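Report on the following structure.
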Amino acid sequence: MRISKTRFLDLLRCPRFYDYTQSVGDTIDPLDQDILEHLTGDAEDLETLTKAQEAVLNGLHERVEREASTWVRQRLGGHTIDLDTSGGQHHVERSVHGHVWTAELDILNPTDTGVHVIEVKASTTSELSKLDFKLNGVYHPVFVKNNHVHKLVEETAPYLETALQEKYLKARKNLFDRLHKVGRHVYDLAFQRFVYEGSIDYDSAKAHTYYLALLNKDYHHDGQETYDVVNGEHVISLIDLTTITEELQSVVAEDVRQVVDYIDQHDNRYQNLIKACQKGTPRACPYLTQCNPYLKVDYNVDELMGSSYKDTARFAHQESKPMIADLDEADRSKKPKWRMQYDAIVHDTIHVDQASLKAFLSHLEYPVYHLDFESFAAPLPRFKGEKPYQQHVFQVSLHIEREAGMCDNTLDHVEFLAEDHRDCRHDVVAFLLEHIDLSAGGTVLVWHKTFERERLKELALAIPKYASELQHIRDAVVDLKDGFLGKGALPILYKKALHGKYSIKFVLPAYTSITYEGMAINNGLLAATTYATYPVIDPAHFDHVLDAMRTYCKQDTWAMVTLLDVCRNLIEQNSTD
DNA sequence: TCCACCCATTCCGCTTTAGA
DNA sequence: TCTAAAGCGGAATGGGTGGA
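Our numbering numbers the first residue of the first sequence as 1 and each following residue consecutively.
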């Protein structure tokens, strides 16, 4: 059998995976899954994209590879074999235990002194820097950057004092965990190395260095066409993982052996929900609901608020209680929220914390500006001051409610939409300052305030001239979600239709009749990808597409107007009792 | 005076949730 | 893919107490 890296990692999940591929068949084309994973993380939301749009999105990832390639040539010299060379990515394979293991090396870079092998990831150094640890209030790095290359601190300062050593080893251990955010990239590289070093292409007489190429989270673009070093930072960071991947070779060899055993054994025994299922992530096992059919059923224990996959595994598997209604008194009393959810399902109770809801509403000042941003995050920054994956706001919707309940869907609505890919930050700021007037008080209402507040902060940084005005808007932001979820041990509002969730996707159908069904653009991710693919949209349809985007964004803020009304009505009903 | 022990508080890392 | 906030639980810290 030929086993690619992706296939190998899937088979390694659990003993049962191989049997599923035999009996159920592949549920998702591995190639498609890779594209989806990189670009959106949610397969459902991409269904309406055309092939041309998919190609554009895929190209964004390829651009990162090209930048990495350019940077490798500049930094390390030599001659690179990559996407753009005749053969494309360098294919390698190795025969072990009667199977052929294959890998595609993103960049192979032979120089006079040795060979560099580089795996490019379209993710940032953010998680890498989170490995850093604190001792006595002082932060210590796990990777040290020298001459634009990150190396393990042990390779630059080998003698660490004992207390540091202990903490360091703990942080370092994450690099060996293939399910860890950084570790999975390291493991990928280690597998590439395993295959490469057993292939006919490998020349053991040469020195080999293994790098991960990531986007540098500390890079701020200078707005130029090409990516040069700006303030000592380059958009690509190279991580030297030669030592770690060397140590990982025995682990990979053991895992390869393990996969062969899984294939030979045809083990289809009952499998508990484990971390390797990657539930709730873009890398979730495609057979998750085959192993755990209860996950498809409404009101299962996975809906319990604040529960982890371990809780789900314990209830559903160990204790055979897959439904919230199955929970006994002891389970329910563990968390007030769990009891509330149980009551909502079993007794159909509707939870309303009148006092907290009143308090929330009394804090609102009118006019209330119902605000929503749509934005797009490009892996490679496009405009001056932007970082990799920085969210660029391209659309704003605003419903203005002058007095409680006084808001017309059309008359009190204003919007901004960028119709091309030029830097629109100034336009967005001008729009906000023109329409949001807080001089006589007022509230800026959003759903999930972290998002809009971060964008306002970035806009203030990008356009310092209006920093204080933007800060003023930012200070006036109130999260409508707080009126539902609240801050206490129990939410302010709950009913079983929420399924334990407070995203707009669940709240809207639970409390209103507003629906996004039948809309060409019906979620934020689709709006963002549509913006990203402007250049390939058929000009004959372009106006139609812009209309669809406007309709969607307008509906988002109108939904908030409606939900605020729902809150007020819940109070009124009670006070007339 | 020292130290073991208990309990309460704080710190820290990890996970979950939400937005695009 | 990214980010921040919040919650959780375990580890670390620190104060008080009592016995040697």
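Cβ atoms here follow ideal geometry from the backbone N, Cα and C, with glycine treated the same way.
Model, not experiment: these values are computed from the prediction.
Task: Bridge partner(s) assigned by DSSP for Ser-375 - done: Numbered from its first residue, the first sequence carries residue 375 at position 375. According to DSSP, which records beta bridges pairwise, Ser-375 is partnered with Val-393.
Task: Spatial distance of Ala-298 from Leu-135 (CA atoms) - done: Your numbering for residue 298 matches position 298 in the first sequence. Your numbering for residue 135 matches position 135 in the first sequence. In the sequence as presented, Ala is not what sits at residue 298; that position holds Asp. Linking Asp-298 to Leu-135 through their CA atoms gives a straight-line distance of about 46 Å.
Open item on the list: Are the CB atoms of Ile-107 and Asp-84 within a distance shorter than 8 Å?
Closed with: Here residue 84 refers to the residue found at position 84 of the first sequence. Here residue 107 refers to the residue found at position 107 of the first sequence. Using a Cβ distance threshold of 8 Å, Asp-84 and Ile-107 do not count as a contacting pair.
Open item on the list: With DSSP as the reference, identify every bridge partner of His-116, one or two as the case may be.
Closed with: Here the question's residue 116 lines up with position 116 in the first sequence. Here His-116 is bridged, per DSSP, to Asn-109, Thr-209.
- [ ] Kindly list the residues whose CB is nearer than 8 Å to the CB of Glu-62, restricted to its own chain and excluding five residues on each side of it in sequence; keep chain order.
- [x] Translated into positions along the first sequence, residue 62 becomes position 62. The residues Leu-83, in chain order, have a CB closer than 8 Å to that of Glu-62 in the same chain once the five nearest residues on each side in sequence are set aside.
Open item on the list: So for Asn-174, helix, strand or coil by DSSP?
Closed with: Counting from one through the first sequence, the residue named residue 174 turns up at place 174. Taken through DSSP and simplified to helix, strand or coil, Asn-174 comes out as helix.
Task: Contact set for Glu-44: own chain, Cβ-Cβ below 8 Å, skip 5 residues either direction - done: Here residue 44 is taken as the residue at index 44 of the first sequence, counted from 1. Caution is warranted here: a pLDDT of 45 is assigned to Glu-44, below 50, making its placement in the model unreliable, and the coordinate value is therefore given only provisionally. Contacts found: none.
TODO: Please go through the same chain and pick out, in chain order, the residues whose beta-carbon is closer than 6 Å to the beta-carbon of Leu-248, but skip the five residues on each side of it.
DONE: The residue labelled residue 248 in the question sits at position 248 within the first sequence. Closer than 6 Å at the Cβ level, and outside the excluded window around Leu-248, lie Ala-190.
Open item on the list: Judging by CA-CA distance, which residue of Ser-320, Asn-231, Val-251, Gly-280 is the nearest neighbour of Asn-272?
Closed with: Here residue 272 corresponds to residue number 272 of the first sequence, with the count starting at 1. When only C-alpha atoms are compared, the closest one is Ser-320.
Task: Beta-carbon gap between Tyr-552 and Ala-532 smaller than 8 Å - done: Counted from its first residue, the first sequence places residue 552 at position 552. Counted from its first residue, the first sequence places residue 532 at position 532. Contact flag unset, no.
Open item on the list: Closest to Arg-382 by C-alpha separation, out of Ser-129, Leu-57, Gln-224, would be which residue?
Closed with: Position 382 of the first sequence, counted from the first residue, corresponds to residue 382. Checked all of Ser-129, Leu-57, Gln-224; the closest Cα to Arg-382 is Gln-224.
Task: Exposure label - His-392; buried when at least 16 CB within 10 Å - done: Start at 1 with the first residue of the first sequence, and residue 392 comes out as number 392. Buried: at least 16 other Cβ atoms inside 10 Å.
TODO: Just tell me which of Ser-356, Pro-388, Val-72, Phe-431 has its CA closest to the CA of Ala-489.
DONE: What you label residue 489 is simply residue 489 of the first sequence in a count that begins at 1. It is Ser-356 whose Cα lies nearest to the Cα of Ala-489.
TODO: Under 6 Å Cβ to Cβ from Ile-537, same chain only, skipping five residues before and after it: list those, please.
DONE: Here residue 537 refers to the residue found at position 537 when the first sequence is read from its first residue. Once the five neighbours on either side are set aside, the close Cβ partners of Ile-537 are Val-545.
TODO: Given a cut-off of 8 Å, decide if Leu-175 and Ile-244 are closer than it, judged by their beta-carbon atoms.
DONE: Residue mapping note: residue 244 aligns to position 244 of the first sequence, counting from 1. Residue mapping note: residue 175 aligns to position 175 of the first sequence, counting from 1. Yes, these two residues count as a Cβ contact at 8 Å.
Open item on the list: Along the chain, where does the beta strand (DSSP E) containing Val-414 start, and where does it finish?
Closed with: Counted from its first residue, the first sequence places residue 414 at position 414. First-last of the beta strand (DSSP E) with Val-414: 413 to 417.
Task: Residue interval of the beta strand (DSSP E) (run including His-90) - done: Counting from one through the first sequence, the residue named residue 90 turns up at place 90. Unbroken beta strand (DSSP E) run through His-90: 90 to 96.
Open item on the list: With three or more beta-carbon pairs closer than 8 Å as the criterion, would you say the region 358 to 378 touches the region 503 to 511?
Closed with: Segments in contact, no.
Open item on the list: Within 8 Å, do at least three Cβ pairs link the region 548 to 562 to the region 341 to 353?
Closed with: Segments in contact, no.
- [ ] Count the CB pairs spanning the region 257 to 265 and the region 394 to 414 that are closer than 8 Å, and state whether there are at least three.
- [x] Too few Cβ pairs lie closer than 8 Å, so no.
Task: Trp-338 - DSSP class collapsed to helix/strand/coil - done: Here the question's residue 338 lines up with position 338 in the first sequence. Three-state DSSP puts Trp-338 in a helix.
Open item on the list: Less than 8 Å between the beta carbons of Gly-500 and Leu-215, yes or no?
Closed with: Taking the first residue of the first sequence as position 1, residue 500 is located at position 500. Taking the first residue of the first sequence as position 1, residue 215 is located at position 215. No; because the gap between Cβ atoms is not below 8 Å, this pair is not in contact.
- [ ] Verify whether the separation of the beta carbon atoms of Leu-179 and His-140 is less than 8 Å.
- [x] By 1-based counting over the first sequence, the position of residue 179 is 179. By 1-based counting over the first sequence, the position of residue 140 is 140. The answer is no: Cβ separation not under 8 Å.
- [ ] Please report how far the alpha carbon of His-38 lies from the alpha carbon of His-79, in whole angstroms.
- [x] Working through the first sequence from its first residue, we reach residue 38 at position 38. Working through the first sequence from its first residue, we reach residue 79 at position 79. Here His-38 scores only 37 on pLDDT, less than 50, and its place in the model should not be relied on; the value that follows carries that caveat. His-38 and His-79: Cα-Cα distance of roughly 28 Å.
Task: Three or more C-beta pairs below 8 Å linking the region 423 to 443 and the region 562 to 570 - done: No: the two stretches stay apart, fewer than three of their Cβ pairs being nearer than 8 Å.
TODO: Compare the C-alpha of Arg-193 against each of Ile-492, Ala-55, Trp-101 and name the closest.
DONE: Mapped onto the first sequence, residue 193 falls at position 193. Of the listed residues, the one whose Cα sits closest to Arg-193 is Trp-101.
Task: Within 8 Å, strictly: CB atoms of Gln-290 and Tyr-20 - done: For the purposes of this step, residue 290 is taken as the residue at position 290 of the first sequence. For the purposes of this step, residue 20 is taken as the residue at position 20 of the first sequence. The Cβ-Cβ distance between Gln-290 and Tyr-20 falls below 8 Å.
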